[in-house]
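Data first, discussion second: the structure below is written as structure tokens.
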Amino acid sequence: MSDRRHESYGRPDGARPGSRLPEAQAGRPGPQRPFGGPMGGPGRGRRMLMPGEKPKDFRGTLKRLIKYLWPRRWQLATVFFFAALSTVFSILSPKVMGKATTKLLEGVMMKMAGVPGASIDFEYIRNVLLTLVALYALSTLFNYIQHFVMAGVAQSTVYQMRKDVMAKLSRLPLKYFDSRTHGEILSRVVNDVDMVSSTLPQSLTQLITASVTLVGTAVMMLSISPLLTLITVVTLPLSVLVTMGVAKRSQGYFMGQARTLGELNGHVEEMYTGHKLVKAFGRESQSIQAFKEINERLYENGWRAQFMASIMFPLMGFVNNLGYVIVSVAGGLLVMRQAIAIGDIQAFINYSRQFTQPISQTANIANIIQSTVASAERVFEVLDEAEEAPDKEDAPVLQDVKGLVEFKDVRFRYKEDVPLIENLSITAKPGQTIAIVGPTGAGKTTLVNLLMRFYEVNDGVIALDGYNITELRRGDLRTKFGMVLQDTWLFNGTIRDNIAYGRPGATMEEIVAAAKTARADHFIRTLPEGYETVLNEEASNISQGQMQLLTIARAVLADPAILILDEATSSVDTRTELLVQEAMQELMKGRTSFVIAHRLSTVRNADLILVMDNGTIVEQGKHHELLAKGGFYAELYNSQFYGREREKRAG
Amino acid sequence: MIRLAKYLRPFVLFIAAALVLVYLQAWAELSLPNLMAEIVDKGIVRGDTALIWRVGGRMLLVTLGGTVAAVIGGFLSARISSGFGRDLRNRVFAHVQEFSLREFDKFGTASLITRTTNDISQVQQVVQMSLTMVVRAPMMFLGGVMMTTARDPRLSLTLLAVLPVIIGAITFVTKKGMPMFKAMQKKLDKLNLVLRENLTGIRVIRAFNRTDYEAARFNDANRDLTQTALRVQRIMAVLMPIMMLTMNLIAIAIIWIGSHRIDTGLLEVGGLMAFIQYSMHILMSLVMVSMIFVMLPRASASADRINEVLECVPSIADPVATGTTVATGTTADAGMVSGDAEASQPAKEPETAKKPDEQAEESRQARGARLEFRDVTFSYPGAEAPAIRNISFEANPGEVTAIIGGTGSGKSTLVNLIPRFYDVDSGVILMDGVDIRQMTQEELRARIGLVPQKAVLFTGSVADNIRFGKEDASIEEVTRAAEVAQAREFISEMQQGFDSPISQGGTNVSGGQRQRLAIARALVRKPDILIFDDSFSALDYRTDARLRAALREYTRDATVLIVAQRVATVMDADRIIVLDEGRLVGNGTHKQLMETCEVYREIVLSQLSEEEVA
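Chains A and B supply the protein sequences, listed in that same order. Under this note's numbering, residues 1 to 651 are what the first sequence spells out, in order. Under this note's numbering, residues 1 to 614 are what the second sequence spells out, in order.
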């Protein structure tokens with residue numbers, strides 16, 4: 001794998017932090033989210049001020065997003081319908097409640113005026129209140145239905161989107177994965193998808209309720225008193241001004257805060273993971289100094305951002321209260337002139353409070369939608385990536401593969417302008433061993449990539465038993481190869497399942513037999529749970545060498561016609577290494593093998609040695625031929641195996 | 001949580017001011033309905049226009065005052081909580097820097113990172129909230145209760161009906177909601193795990209043609225998560241509407257009961273209106289309290305985790321006595337093991353003898369140090385068996401001492417003891433005759449250059465990374481170190497040479513390149529003791545051999561320790577130490593060991609084929 005990195009260290013996105021995942025997770029704590037939404041409170045103000053990430057193509061992406069939701073249009077329509085209904089009902093209620101107050105005041109006024117037989121009309125009030133109970137109950141019910149259906153829509157969208165992305169990933173060429181960090185891909189599949197499907201339906205609903213509320217309250221206010229409405233509307237530009245003003249100022253601070261926080265986290269992560277080095281080189285004070293400096297900047301940005309967020313609420317409250325006072329005073333005067341009923345004033349105050357809400361809410365939603373679309377864009381980017389060319393429908397099915405592998409004039413480059421493999425022609429006859437040697441970073445894995453069709457050749461043909469491998473189904477082709485690489489990959493499951501990965505449906509006997517061939521049976525049996533031992537996430541419950549034995553067992557069970565082996569067994573303890581070596585020898589019997597060779601015996605006995613340097617094959621031939629040539633191989637051989645040669649003389 | 005309160009001490013005045021402001025703000029908020037009631041009951045009912053204007057003006061003043069209080073309060077609480085967070089972070093970070101590896105093992109690096117970043121942010125947020133919401137909610141609650149009781153004590157009893165609902169909601173969230181959220185988090189982790197496995201194992205998956213199987217596995221996790229998330233959302237969706245409904249129903253009840261009380265003259269209409277508004281304040285503050293109940297346990301868990309870090313005393317401390325500036329070969333030191341005085345003398349001689357001709361060449365040249373392990377035993381905390389036991393050997397200046405053995409034989413443990421990442425359980429490690437525990441850590445480590453097993457690089461340029469070993473190294477020194485480490489060639493191939501950026505963890509260079517840079521970093525110090533902890537594993541034999549040749553030249557007098565897996569790497573060493581399961585089983589040259597040490601022979605045979613050795 002190291003070869004791959006060597007080739008791509010200059011890539012432009014190398015500096016892009018792959019750590020967006022943890023940060024994003026920290027920013028959006030999952031469990032509290034349901035509270036953050038409806039309860040609003042101080043959290044809302046802050047979120048509103050957070051600058052969203054801007055999408056590159058807002059309209060186009062939004063269109064695609066809507067298309068994505070299209071299959072769920074009926075559920076969405078239901079949601080919107082009930083949301084609107086619930087809002088309408090809750091808008092009606094203050095007006096109705098006002099009626100009760102009016103009647104109440106009427107009765108009181110008449111009583112005070114000494115009208116004979118005057119009394120409060122309790123029957124009327126009771127009816128009004130019962131209507132209110134019904135209104136509230138219905139509003140609550142509709143609200144719940146809306147949330148209930150919405151949860152379904154959101155979750156099924158997230159499910160579908162994840163599924164689509166996963167399906168897409170399985171069709172993407174290796175090139176895609178090699179040029180990106182895992183963190184980056186994970187972040188798109190997990191965070192961005194989650195962001196889209198959870199916030200989009202929610203913000204759409206909010207948009208609906210906000211606009212219904214705005215229109216509804218306006219209508220109600222107008223119906224109560226156009227004059228008071230006018231007075232209230234005067235405060236409107238004020239609240240817009242406040243929102244905009246604060247938001248604008250705070251954006252810079254919030255961005256600064258996010259940036260410095262990222263920097264701080266980066267520094268902590270780096271210094272803690274490199275703690276041993278910091279200690280060894282006595283750099284504690286420099287590390288602390290750097291931390292303090294970043295921390296101070298975080299503080300400067302942080303408190304300003306927080307201050308801005310915290311004054312948003314009181315300022316809006318002030319504007320609201322201003323309206324409240326004006327309405328109270330003006331309303332009081334109007335009531336005295338009998339121009340308006342007292343209950344209407346009460347209702348009006350309620351409405352005027354509701355009125356400013358949707359405005360700040362919309363600003364919030366606009367921001368959320370913006371970052372949602374930005375997330376969606378990143379997801380769509382994945383879905384739009386160029387896929388591997390599909391397999392041919394009428395691809396021949398390989399049976400009884402003999403293992404004849406031919407490279408004919410193969411040309412391959414990772415980057416168009418960097419020549420790598422030019423006109424390579426080799427033939428590996430069935431059962432032969434091809435050793436690949438060369439210094440670190442020589443690009444030995446490139447050959448593996450081409451053989452397995454992880455990458456496609458630019459020119460020329462690679463043929464297996466005479467078939468051009470591009471004519472075959474990838475799955476079919478790959479099962480003919482067995483791969484034992486240096487970075488062992490095992491998954492979080494039992495040892496048995498991991499071995500059986502090579503051949504689904506293998507019987508227990510076959511698995512044990514494969515483990516025996518791979519010299520793994522013994523150590524597996526010493527584990528408390530034997531074959532049923534569950535490998536943990538990092539497979540840290542077995543050693544590196546044991547992992548390698550398991551991957552060999554996996555390859556044995558798969559029984560491939562051709563082998564690709566990486567002999568490097570660094571950080572494997574010596575006894576296990578002996579076993580690994582034995583197991584590999586056993587595995588190679590009778591199979592065409594491509595071996596990334598580190599052992600002299602393998603190199604000398606190989607039918608063909610490919611000497612690689614800087615990604616290209618510089619020499620090829622047999623051991624003695626190459627030695628006689630006195631070229632790169634001879635030099636490599638002499639330095640690499642110098643110690644051993646000396647040993648030979650000594651022994 | 002309380003224990004962290006001492007970090008608030010510098011802000012005591014600010015806090016007092018903030019609390020007063022919160023109080024003023026609550027008071028302003030609470031006076032408004034009363035004033036409005038006055039407008040209704042005195043102004044409207046009696047037709048007093050002047051009073052309406054007057055009271056209106058008062059309302060304006062009150063609300064303005066409240067806003068000003070809120071803004072200043074916001075300013076103060078922002079300064080306080082951010083300042084608190086900053087101080088706490090500084091403190092925790094500085095404290096962690098003092099930790100030895102034992103403490104890092106205890107907490108785990110990932111956990112320490114979370115504690116320094118997320119947990120502190122969590123607590124900081126609570127401080128911020130306490131200064132606004134937590135103080136405000138009870139104030140509003142009490143104020144509201146007082147106001148309603150003043151208006152009509154009996155009517156205010158109606159409010160009691162809400163309590164069960166609120167309490168019910170809080171218990172529901174904590175008892176039922178929290179476990180569900182946790183379950184959801186677990187399922188999300190599972191999904192991430194499958195995904196990560198798919199990314200890391202993509203070659204294997206495709207090689208075995210198991211894409212469909214993996215898709216099914218992912219789908220299972222996906223469906224499982226979706227179902228749980230759906231259930232959680234649907235249940236939580238009940239909560240808010242119910243709360244709202246309760247509040248509205250209470251308002252209706254108040255109107256109904258209130259109207260009867262107005263009828264009997266116990267209450268006025270404006271009073272009723274005010275009463276309803278106060279009730280809403282009370283209910284809102286109760287909702288806030290319930291939110292605090294949800295947040296507090298999380299924050300206090302965070303606070304506990306931070307305290308654990310702060311209270312953890314680093315297990316390795318510098319000697320208490322001042323003036324322990326232990327010069328090479330100081331014999332009179334208190335920590336000296338008896339009989340050591342004689343032992344340290346000979347070490348000094350070759351050193352002084354060599355010195356002059358070298359200093360001509362370069363300003364500071366490694367002079368080496370005589371390192372001695374004397375009956376050293378060490379076990380990791382909680383481990384049953386010692387990782388290494390009764391190890392004794394010497395490593396001398398100008399010599400290469402190699403340490404070989406299988407995985408788990410204790411090689412890395414052994415070298416980790418030298419810079420005192422851990423302290424020995426028994427026995428002593430002596431440097432030029434002085435117990436290393438008698439030296440300050442700084443002093444000790446200044447003489448050591450370590451190349452760790454895992455080559456970690458830091459963000460910065462290539463040169464920055466090499467200078468990590470010696471801050472004031474000249475560009476010549478840096479270049480020379482890179483050259484010896486066989487890193488010169490690939491550095492010059494990089495676009496900006498020594499100024500080329502290294503990304504976090506060094507992910508933009510290959511494993512072998514990382515390792516060579518790590519070697520250069522140690523070399524630039526020209527340390528007396530140079531330790532390579534299995535540092536050649538990512539290098540091919542050719543680079544390995546060249547590097548060792550260049551090293552010999554560069555480190556002539558230094559004491560070099562090489563931990564290795566490869567026989568070829570250690571074969572030419574002056575001394576090879578063979579470890580097996582924590583015990584020293586061989587000590588000698590290659591030739592000697594081939595004859596005397598069974599374990600060593602086995603290792604050699606496993607790496608070189610029979611014919612090569614024979």
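Glycine included, every Cβ here is placed at the ideal spot set by N, Cα and C.
**Message:** Rounded to the nearest angstrom, what separates Asp499 of chain B and Ala463 of chain B at their Cα positions?
**Reply:** Distance between the alpha carbons of Asp499 of chain B and Ala463 of chain B is about 6 angstroms.
**Runs of alpha helix (DSSP H) lying entirely within the region 175 to 208 of chain A, each at least 4 residues, in chain order** = Secondary structure in the region 175 to 208 of chain A: the alpha helix (DSSP H) runs of 4 residues or longer, each lying completely within the stretch, are 182 to 187 in chain order.
**Message:** Using 8 angstroms for Cβ pairs, my map puts Leu417 of chain B next to Val456 of chain B. What's the rounded Cβ distance?
**Reply:** Val456 of chain B and Leu417 of chain B do not touch by the CB rule: their CB atoms are close to 20 angstroms apart, not below 8 angstroms.
**6 angstroms CB neighbourhood of Glu372 of chain B in its chain, flanking five on each side removed** = Cβ neighbours of Glu372 of chain B beyond the five flanking positions: Glu394 and Leu430.
**Prompt:** For Ala183 of chain B, which option in B:Val451, B:Ser412 and B:Arg231 has the closest C-alpha, if you only look at C-alpha atoms?
**Reply:** The candidate whose alpha carbon is nearest that of Ala183 of chain B is B:Arg231.
**Presumed contact (8 angstroms Cβ cut-off) between Phe291 of chain A and Phe468 of chain B, rounded CB distance** = Not quite, the Cβ-Cβ distance comes to about 16 angstroms (not below 8 angstroms), so this is no contact.
**Prompt:** So with Cβ pairs under 7 angstroms, would you call Glu270 of chain A a contact of chain B?
**Reply:** The Cβ of Glu270 of chain A sits closer than 7 angstroms to at least one Cβ of chain B.
**Prompt:** Based on the DSSP output, what are the partners of Leu563 of chain A in its beta bridges?
**Reply:** According to DSSP, residue pairing for Leu563 of chain A in a beta bridge involves A:Gly482 and A:Ser593.
**Message:** Determine, for Ile592 of chain B, whether the minimum Cβ-Cβ distance to residues of chain A falls below 7 angstroms.
**Reply:** First, the residue type needs correcting, since residue 592 of chain B is Gln and not Ile in the sequence shown. Cβ-Cβ to chain A under 7 angstroms: no for Gln592 of chain B.
**Asked** Would you report the Cα separation of Leu157 of chain B and Asn34 of chain B, rounded to the nearest angstrom?
**Response** Between the alpha carbons of Leu157 of chain B and Asn34 of chain B lies a gap of roughly 19 angstroms.
**Message:** Please give the ranges of any beta strand (DSSP E) in the region 484 to 543 of chain A, keeping only runs that are unbroken, at least 3 residues long and fully inside the region.
**Reply:** Counting only runs of 3 or more, we get nothing.
**Asked** Going by other Cβ atoms of all chains shown within 10 Å of its Cβ, with 16 needed for buried, is Ala386 of chain A buried or exposed?
**Response** Its Cβ having fewer than 16 others within 10 Å, Ala386 of chain A is exposed.
**Asked** How would you list, in chain order, the residues of chain A whose beta-carbon sits under 7 angstroms from the beta-carbon of Trp53 of chain B?
**Response** Here the neighbours are Val329.
**Asked** What whole-angstrom Cβ distance do Ile316 of chain B and Ser81 of chain B have, given they're in contact under 8 angstroms?
**Response** Rounded to whole angstroms, the Cβ separation of Ile316 of chain B and Ser81 of chain B is 35 angstroms, and the two are not in contact under 8 angstroms.
**Prompt:** Does the separation of the CB atoms of Gly271 of chain B and Ala37 of chain B fall below 7 angstroms?
**Reply:** With respect to Ala37 of chain B, Gly271 of chain B sits close: the two C-beta atoms are nearer than 7 angstroms.
**Contacts that Thr148 of chain B makes with chain A (C-beta to C-beta distance below 9 angstroms)** = Within chain A, no residue has its beta carbon less than 9 angstroms from that of Thr148 of chain B; the closest one is some 17 angstroms off.
**Message:** Does any residue of chain A have a CB that is nearer than 7 angstroms to the CB of Arg115 of chain B?
**Reply:** For Arg115 of chain B, no Cβ of chain A is located within less than 7 angstroms of the residue's own Cβ.
**Message:** Does the region 137 to 157 of chain A come into contact with the region 377 to 397 of chain A, if we say contact requires no fewer than three beta-carbon pairs (one atom in each stretch) closer than 8 angstroms?
**Reply:** Contact fails: fewer than three Cβ-Cβ distances are below 8 angstroms.
**Asked** Is Trp70 of chain A buried or exposed, if buried means 16 or more other CB atoms sit within 10 Å of its CB?
**Response** The residue in question, Trp70 of chain A, is exposed, as its Cβ has fewer than 16 Cβ neighbours within 10 Å.
**Request:** Starting from Asn390 of chain B, trace the alpha helix (DSSP H) both ways and give me its first and last residue.
**Result:** From DSSP, Asn390 of chain B is part of no alpha helix (DSSP H) but of the beta strand (DSSP E) over Ile388 to Ala395.
**Message:** Would you say Ser637 of chain B lies against chain A (beta-carbon separation less than 7 angstroms)?
**Reply:** Within the shown structure, residues of chain B are numbered from 1 to 614, placing residue 637 of chain B beyond reach of any answer.
**Prompt:** Does Phe75 of chain B come within less than 7 angstroms of chain A when only Cβ atoms are used?
**Reply:** Answer yes: the Cβ-Cβ gap between Phe75 of chain B and chain A drops below 7 angstroms somewhere.
**Message:** Taking 6 angstroms as the limit between beta carbons, can you name the residues of its chain near His281 of chain B, skipping five residues before and five after?
**Reply:** By the criterion of a C-beta distance shorter than 6 angstroms, His281 of chain B is surrounded in its chain by Met140 and Gly144, once the five residues flanking it on both sides are discounted.
**Prompt:** Is there a Cβ from chain B that is less than 7 angstroms from the Cβ of Leu132 of chain A?
**Reply:** Judged by the 7 angstroms Cβ criterion, Leu132 of chain A is in contact with chain B.
**Item:** Residues that DSSP places opposite Ile429 of chain B in a beta bridge
**Value:** The partner list for Ile429 of chain B (beta bridge, DSSP) reads B:Phe373.
**Prompt:** Does Ala334 of chain B come within less than 7 angstroms of chain A when only Cβ atoms are used?
**Reply:** Model confidence at Ala334 of chain B stands at a pLDDT of 39, short of 50, so the residue's coordinates are unreliable and nothing is read from them.
**Message:** To test your reading of the DSSP string, which unbroken alpha helix (DSSP H) runs of 4 or more residues are found completely within the region 136 to 168 of chain B?
**Reply:** Along the length of the region 136 to 168 of chain B, whole alpha helix (DSSP H) runs at least 4 residues long occupy 153 to 156, reported in chain order.
**Asked** Using a C-beta cutoff of 7 angstroms, does Glu553 of chain B count as contacting chain A?
**Response** Not one chain A Cβ lies under 7 angstroms of Glu553 of chain B.
**Request:** Please decide whether Leu296 of chain B counts as near chain A, where near means a Cβ-Cβ distance under 7 angstroms.
**Result:** It does not; no Cβ of chain A falls within 7 angstroms.
**Where Ser211 of chain A sits in the DSSP three-state scheme** = Under the three-state reduction of DSSP output, Ser211 of chain A falls in the helix class.
**Request:** Pick out whichever of B:Asn198, B:Gly108, B:Met243 and B:Asn90 has its Cα sitting closest to the Cα of Ala161 of chain B.
**Result:** Checked all of B:Asn198, B:Gly108, B:Met243 and B:Asn90; the closest Cα to Ala161 of chain B is B:Met243.
**Request:** For Val456 of chain B, name the three-state secondary structure that DSSP assigns.
**Result:** Of the three classes helix, strand and coil, the one that applies to Val456 of chain B here is coil, per DSSP.
**Request:** At 7 angstroms on the CB atoms, spell out the chain A contacts of Gln128 of chain B, in chain order.
**Result:** Under the 7 angstroms cutoff, chain A gives Gln306.
**Asked** What separation, rounded to the nearest whole angstrom, lies between the Cα atoms of Met316 of chain A and Ile359 of chain A?
**Response** Taking the straight line joining both Cα atoms gives about 11 angstroms.
**Prompt:** Rounded C-beta distance between Val88 of chain A and Gly256 of chain A? I'm assuming under 8 angstroms.
**Reply:** No, Val88 of chain A and Gly256 of chain A are not in contact; Cβ-Cβ is about 43 angstroms, not under 8 angstroms.
**Prompt:** How would you label Tyr213 of chain B, buried or exposed, when you count the other beta carbons within 10 angstroms and need 16 or more for buried?
**Reply:** So Tyr213 of chain B counts as exposed.
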